[in-house]
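Peer 1: Take this structure first; my questions come after.
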Ligand SMILES: NC(=O)c1ccc[n+]([C@@H]2O[C@H](COP(=O)([O-])OP(=O)(O)OC[C@H]3O[C@@H](n4cnc5c(N)ncnc54)[C@H](OP(=O)(O)O)[C@@H]3O)[C@@H](O)[C@H]2O)c1
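In the working numbering, the protein residues as written are 8 to 217.
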């Protein structure tokens, strides 16, 4: 599978390092010579390369967007993402960790409207980058993996993204159609408020069933 990750920040790097164990990664960046790009090159060697974003996504069947929400519209409107699975990791975080703009429609639904020929799946938005880099919470987790809820309207795209979630090390939780992003995105904001409100960033949500 040709996999591209747009953004060489905390999320892009964490997912890239985990997924490079299974796939070759093309990172899309504004500056492939940046310090972040150099660090990725050192960490991943031949398993990944950093290119200008249009070049990185050109051959990819799956494109993970790990970009700040406010610039995401401009980024995707400059790219040819027709026919591709687009994974939306973004969160619209405003002051006091509340949504910056209206939560309805969700970021993922707005993204899907900008990309009518792509198959958008919301995923990797409700856990911290530190947990994406290392989802193992040790003995205290009693064998329960951190969950990663995902949603989308295309069954095949969701099957592919479920596999990526497994590969990163999360428990995939199918939340339904893309409209469910309206519930995933506030969950991410709760995570951010807790992390900044004293719990720290080494926290993750899990789903218990019986
Ligand atoms: N951090 C978390 O724990 C976390 C968890 C879940 C979801 N998220 C969401 O995932 C997305 C990425 O988060 P992050 O923490 O990885 O952010 P980040 O560290 O700031 O990285 C974002 C990356 O986006 C790229 N980018 C492209 N255009 C940009 C622009 N105009 N301004 C700034 N960056 C630009 C940059 O890569 P280049 O310099 O290579 O272009 C940058 O490194 C956000 O929407 C965030 O809300 C974050």
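We treat Cβ as the ideally placed atom computed from N, Cα and C, and that holds for glycine.
Can you find the residues in the same chain that come closer than 8 angstroms, C-beta to C-beta, to residue 76, ignoring five residues on each side of it along the sequence?
Peer 2: Position 69 of the chain shown holds residue 76. Same-chain partners within the cutoff: 97, 98, 99, 100, 107, 114.
Peer 1: Who are the Cβ neighbours of residue 148 in its own chain at under 8 angstroms, not counting the five residues just before and after it?
Peer 2: Position 141 of the chain shown, counted from the first residue, corresponds to residue 148. The residues are 213.
Peer 1: Mind checking whether residue 65 and residue 32 have CB atoms under 7 angstroms apart?
Peer 2: Against the chain shown, residue 65 aligns to sequence position 58. Against the chain shown, residue 32 aligns to sequence position 25. No. Outside cutoff.
Peer 1: Between which two residues does the alpha helix (DSSP H) harbouring residue 80 extend?
Peer 2: The residue given as residue 80 occupies position 73 in the chain shown. Looking at the DSSP string, the run of the alpha helix (DSSP H) that includes residue 80 is 76-84.
Peer 1: According to DSSP, is residue 178 helix, strand or coil?
Peer 2: For the purposes of this step, residue 178 is taken as residue 171 along the chain shown, with counting starting at 1. DSSP places residue 178 in strand when its eight states are reduced to three.
Peer 1: Tell me which residue opens and which closes the alpha helix (DSSP H) that residue 222 is part of.
Peer 2: Residue 222 is absent from the model: the chain starts at 8 and stops at 217.
Peer 1: With three or more beta-carbon pairs closer than 8 angstroms as the criterion, would you say the segment 180-190 touches the segment 156-169?
Peer 2: Yes, since at least three Cβ pairs between the segment 180-190 and the segment 156-169 fall closer than 8 angstroms, the two stretches touch.
Peer 1: Does the beta-carbon of residue 140, which I'm using as the reference point, lie nearer than 6 angstroms to any heavy atom of ligand 1?
Peer 2: The sequence position of residue 140 within the chain shown is 133, counting from 1. Every heavy atom of ligand 1 is 6 angstroms or more from the Cβ of residue 140, so no.
Peer 1: CB residue 211 to CB residue 138, shorter than 7 angstroms?
Peer 2: Mapped onto the chain shown, residue 211 falls at position 204. Mapped onto the chain shown, residue 138 falls at position 131. Their beta carbons are under 7 angstroms apart, which means residue 211 touches residue 138 by this criterion.
Peer 1: How many angstroms separate the CA atom of residue 36 from the CA atom of residue 22?
Peer 2: Your numbering for residue 36 matches position 29 in the chain shown. Your numbering for residue 22 matches position 15 in the chain shown. Roughly 15 angstroms between the two C-alpha positions.
Peer 1: What first and last residue would you give for the beta strand (DSSP E) that runs through residue 69?
Peer 2: Walking along the chain shown from the start, residue 69 turns up at place 62. Note, residue 69: beta strand (DSSP E), 69-72.
Peer 1: Please report the residue range of the beta strand (DSSP E) in which residue 56 lies.
Peer 2: To locate residue 56, count along the chain shown from 1; it is residue 49. Counting along the chain, the beta strand (DSSP E) containing residue 56 begins and ends at 55-59.
Peer 1: Is the closest heavy atom of ligand 1 to the C-beta of residue 190 under 6 angstroms?
Peer 2: The residue labelled residue 190 in the question sits at position 183 within the chain shown. No.
Peer 1: Assuming residue 118 and residue 83 form a contact by the criterion Cβ under 8 angstroms, report the distance between their Cβ atoms to the nearest whole angstrom.
Peer 2: Along the chain shown, read from residue 1 onward, the residue named residue 118 stands at position 111. Along the chain shown, read from residue 1 onward, the residue named residue 83 stands at position 76. Sure, about 7 angstroms apart at Cβ, within 8 angstroms.
Peer 1: Taking only runs of the alpha helix (DSSP H) that begin and end inside the segment 12-45, which ones reach a length of at least 4 residues, in chain order?
Peer 2: Taking only runs of at least 4 residues, the alpha helix (DSSP H) segments lying wholly in the segment 12-45 are 17-26.
Peer 1: Go ahead and label residue 25 buried or exposed: buried means 16 or more other beta carbons lie within 10 angstroms of its beta carbon, across all protein chains shown.
Peer 2: Start at 1 with the first residue of the chain shown, and residue 25 comes out as number 18. Flag for residue 25 reads buried.
Peer 1: What does the alpha-carbon distance come out to for the pair residue 144 and residue 43?
Peer 2: Residue mapping note: residue 144 aligns to position 137 of the chain shown, counting from 1. Residue mapping note: residue 43 aligns to position 36 of the chain shown, counting from 1. Rounded to the nearest angstrom, the two C-alpha atoms are 27 angstroms apart.
Peer 1: Using 10 angstroms around the beta-carbon of residue 86, count the other beta-carbons present and answer buried if the total reaches 16, otherwise exposed.
Peer 2: By 1-based counting over the chain shown, the position of residue 86 is 79. Result: buried.
Peer 1: Run the proximity test for residue 121: is its beta-carbon closer than 6 angstroms to any non-hydrogen atom belonging to ligand 1?
Peer 2: The residue you call residue 121 lines up with position 114 of the chain shown. False, no ligand heavy atom lies under 6 angstroms from that Cβ.
Peer 1: Is the separation between the beta-carbon of residue 71 and that of residue 12 shorter than 7 angstroms?
Peer 2: Here residue 71 refers to the residue found at position 64 of the chain shown. Here residue 12 refers to the residue found at position 5 of the chain shown. Cβ distance < 7 angstroms, so residue 71 and residue 12 count as in contact.
Peer 1: Starting from residue 193, trace the alpha helix (DSSP H) both ways and give me its first and last residue.
Peer 2: For this step, residue 193 is matched to residue 186 along the chain shown. Residues 188-201.
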